[in-house]
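Chemist: Residue numbers 20 to 279, in my numbering, belong to the letters of the sequence shown in order.
Beta carbons are placed, not taken as given, at the ideal position from N, Cα and C, and that holds for glycine.
Bear in mind the structure is a predicted one, so any value in this text is a computation, not a measurement.
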Amino acid sequence: MEFVLYLVLGGCAGVLAGLFGVGGGLIIVPALVFSFTAHGFSPEVLTQMAVGTSLATIVFTSINSILEHHRRGAVRWQVFLWMTVGILLGSVLGAVTASKIQGPVLQKIIGVFAILVSIQMALGLQPKGGGDLPGRVGLGVAGGVVGWASAIFGIGGGSLTVPFLSWRGMPMQQAVATSSACGLPIAVAGAISFIAVGWHNAQLPEMSIGFVYLPALVGIALTSMFFARIGARLAHRLPAKVLKRLFALLLFSVGLSFLI
């Protein structure tokens with residue numbers, strides 16, 4: 020039953036990744052926290068395990084989402100390249116930061132973030148256009164901030180990258196597609212960093228590599244890789260307003276449960 024849960028979770032995360040340009044981590048992290056708690060994992064490490072495992076699964080989700088968006092010519096690769104320079108450094112720093120925060124405190128931080136994102140999605144809040152995209156340095160700095168925050172929250176960065184790119188004048192479909200591409204370096208750098216910082220932790224359960232729990236990684240990856248393409252296709256065909264509001268309601272409930 021545990022593995023079936025991970026398969027279902029992967030399918031949901033994959034659709035969200037392709038549809039909204041998010042890596043699915045906003046669903047994966049809370050679900051893994053609840054799952055790991057139910058399995059009696061140490062509260063000192065389970066939140067970091069949820070974040071690290073989420074980032075590792077986003078590696079697979081991002082690849083398929085990127086392929087579908089690239090096929091439609093929507094990814095701005097020049098923007099991706101310069102943001103990635105900052106993303107790689109920011110993701111490593113974010114993983115180190117998360118490893119230093121106590122598990123219960125990290126859960127509350129993630130809960131607040133989930134609530135803020137849910138409000139933004141429900142109300143359709145978007146920053147007003149701020150002109151053209153910044154230059155190479157500006158994109159690198161933005162990537163560093165996105166990478167740092169994403170590694171802490173275990174997300175692919177879409178909830179941060181999409182509003183930023185949209186604010187700087189990029190059309191929404193291109194912003195979603197480019198955000199999906201940026202999720203790959205965030206996930207790779209973040210997952211490797213979480214493996215490294217958790218490598219010698221004695222409180223980890225069996226079948227863990229650092230702060231990455233292998234059964235959850237395999238189960239989620241198997242289905243997310245397929246469903247990410249479905250989500251990306253839906254992003255180009257369906258109005259997403261109702262789905263976004265339902266997703267926002269789910270996120271709000273999850274975030275609130277972390278704070279109570």
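For the candidate residues 26, 179, 172, whose alpha-carbon lies nearest to that of residue 161?
Modeler: Residue 161 has its Cα closest to that of 179, out of 26, 179, 172.
Chemist: Do the stretch 129 to 147 and the stretch 72 to 86 make contact, defined as three or more Cβ pairs closer than 8 Å?
Modeler: No, they do not touch.
Chemist: Quick check: the Cα distance between residue 3 and residue 99, rounded to an integer number of angstroms?
Modeler: Only positions 20 to 279 of the chain appear in the structure, and residue 3 is not among them; the question remains open.
Chemist: Which residues does DSSP pair with residue 232 in a beta bridge?
Modeler: BP columns for residue 232 point to 227.
Chemist: Below 8 Å on the Cβ atoms is my guess for residue 29 versus residue 166; work out the distance and round it to an integer in Å.
Modeler: Incorrect: roughly 23 Å between the Cβ atoms, too far for contact.
Chemist: Here's the rule I'm using: 16 or more other beta-carbon atoms within 10 Å means buried, otherwise exposed. How should residue 183 be labelled?
Modeler: Buried, by the Cβ-count rule.
Chemist: Reducing DSSP to helix, strand and coil, say where residue 176 ends up.
Modeler: Three-state DSSP puts residue 176 in coil, outside helix and strand.
Chemist: Cα-Cα, which of 172, 72, 111 is closest to residue 208?
Modeler: Checking every option, the nearest Cα to that of residue 208 belongs to 111.
Chemist: DSSP three-state call for residue 265: helix, strand or coil?
Modeler: Reduced to three states, the DSSP call for residue 265 is helix.
Chemist: Report all residues from its chain with a CB closer than 8 Å to the CB of residue 263; omit the five preceding and five following residues, and keep chain order.
Modeler: Around residue 263: 39, 140, 141, 143.
Chemist: Can you tell which of 31, 138, 84 has its C-alpha closest to the C-alpha of residue 267?
Modeler: Ranking the options by Cα distance to residue 267, first place goes to 138.
Chemist: Keeping to the same chain, check which residues put their C-beta closer than 6 Å to that of residue 274; ignore five residues upstream and five downstream.
Modeler: Once the five neighbours on either side are set aside, the close Cβ partners of residue 274 are 130, 133, 134.
Chemist: Helix, strand or coil: how does DSSP classify residue 62 here?
Modeler: DSSP places residue 62 in coil when its eight states are reduced to three.
Chemist: Apply the 10 Å Cβ neighbour rule to residue 218 and answer buried if 16 or more other Cβ atoms are within range, or exposed otherwise.
Modeler: With fewer than 16 other Cβ atoms within 10 Å, it is exposed.
Chemist: Under a Cβ-count criterion, where at least 16 other Cβ atoms within 10 Å of its own Cβ denotes burial, should residue 272 be classed as buried or exposed?
Modeler: With fewer than 16 Cβ atoms within 10 Å of its Cβ, residue 272 is classed as exposed.
Chemist: According to DSSP, is residue 83 helix, strand or coil?
Modeler: Residue 83: helix per DSSP, three-state reduction.
Chemist: Please say whether residue 68 and residue 227 have beta carbons closer to each other than 8 Å?
Modeler: Yes; because the gap between Cβ atoms is below 8 Å, this pair is in contact.
Chemist: My assumption, with CB atoms under 8 Å, is that residue 151 sits in contact with residue 188. Please give the rounded CB distance.
Modeler: So it is a contact: roughly 6 Å between Cβ atoms.
Chemist: Output yes or no for whether 8 Å exceeds the beta carbon distance between residue 198 and residue 229.
Modeler: Result no, Cβ atoms of residue 198 and residue 229 do not sit closer than 8 Å.
Chemist: Give me the residue from 252, 108, 242 with the minimum Cα distance to residue 33.
Modeler: Nearest of 252, 108, 242 to residue 33, Cα basis: 242.
Chemist: Look up residue 182 in the DSSP assignment and say whether it is helix, strand or coil.
Modeler: Looking at residue 182 - three-state DSSP - the assignment turns out to be helix.
Chemist: Alpha carbon to alpha carbon, what distance is there between residue 221 and residue 89?
Modeler: The straight-line gap from Cα to Cα measures roughly 42 Å.
Chemist: Take residue 245 as the anchor and find which of 256, 82, 185, 170 has the nearest alpha-carbon.
Modeler: Residue 245 has its Cα closest to that of 82, out of 256, 82, 185, 170.
Chemist: Please list the terminal residues of the continuous alpha helix (DSSP H) segment that includes residue 126.
Modeler: Its alpha helix (DSSP H) spans residues 122 to 142.
Chemist: Sort 23, 31, 66, 25 by Cα distance to residue 277 and report the nearest one.
Modeler: Among 23, 31, 66, 25, the Cα nearest to that of residue 277 belongs to 66.
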